[in-house]
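Basically our numbering = 1-based index in the sequence shown + 532.
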Amino acid sequence: MSVIEEKKALRTYIRQTERTLDPAYKAESSEAICRCVLALEEYRAAGTVFAFAGTVHEIDTALLLKETLAAGKTLVLPRCAEGHALDLCVVTSMDELVPGMYGILEPKADCTLVTPADIDFAVVPCLSFDRRGRRLGQGGGYYDRLLPQLSCPTCLICRERLMSEAVPTEEHDRRCTLYVTERGVMEPET
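#1: Output needed for Y675: all residues of its chain with C-beta closer than 7 Å, excluding positions within five of it in sequence on either side, in chain order.
#2: On the three-state DSSP scale, how would you describe A602?
#3: Leaving aside the five residues before and after P700 along the sequence, list all residues of the same chain whose C-beta is less than 6 Å from its C-beta, in chain order.
#4: When you compare each of T587, S562, A602 to G579 by their alpha carbons, which one comes out closest?
#5: Are V712 and I689 close, meaning C-beta to C-beta below 8 Å?
#6: Enumerate in chain order the residues of its own chain whose CB-to-CB distance from T624 is below 8 Å, with the five nearest sequence positions on each side excluded.
#7: Hey, I591 and I565: beta-carbon distance below 8 Å or not?
#8: For a test of the three-state rule: what should DSSP assign to S660, helix, strand or coil?
#9: Judging by CA-CA distance, which residue of R567, Q681, P685, V622 is the nearest neighbour of E599?
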């Protein structure tokens, strides 16, 4: 089986597993993950924070987004663009989000854009990651294109119950600098 086929099979397995999670666990783990990110020194030191609006099948990041705005930080959220790229959009209110591509909440078309160099701290989504810090994304390549452009600390977030034994990787796959589950910050194994 090729790496691409292995990733596809693992995505199917993780998505099926996610659908069986208890809603109470999902809510509790989302809150714990957000609180852990909010407590990170790298987050606290950041003036401009990149994050994402989680879908029903991802970490609910509403607490993180609202606290970032309340702290007076610049909040940047992604908007899907052509070529599987992400526009980096400044958001000043949760009211500026509308359903976009794939039904994901994203900033309206008239938002202010920034560059990856403007980001001080980035929160990155995934379907799963393993104990070595290898990320399994949705498969669209959006974050594979963004991560190499970021020079700031990058924080990958995932529920403990969706972590994998081993995520297959390709040459273009990038690791993040921080890994957070509801149990706290995880130190990747070498």
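Idealized CB from N, CA, C, for every residue including glycine.
With the structure as the only source:
#1: For Y675, where only same-chain residues beyond five positions count, the Cβ hits under 7 Å are V656, G669.
#2: In this structure, A602 counts as helix in the three-state DSSP scheme.
#3: Within the same chain, P700 has close Cβ partners V535, E538, K539.
#4: Looking at the Cα atoms, A602 is the closest of the given residues.
#5: With a cutoff of 8 Å on beta-carbon distance, V712 and I689 are scored as near each other.
#6: Counting only Cβ-Cβ distances below 8 Å, and skipping sequence neighbours, we find L601, L607.
#7: Yes. Within cutoff.
#8: S660 falls in the strand class under three-state DSSP.
#9: Of all alpha-carbon atoms in R567, Q681, P685, V622, the one lying nearest the alpha-carbon of E599 is that of R567.
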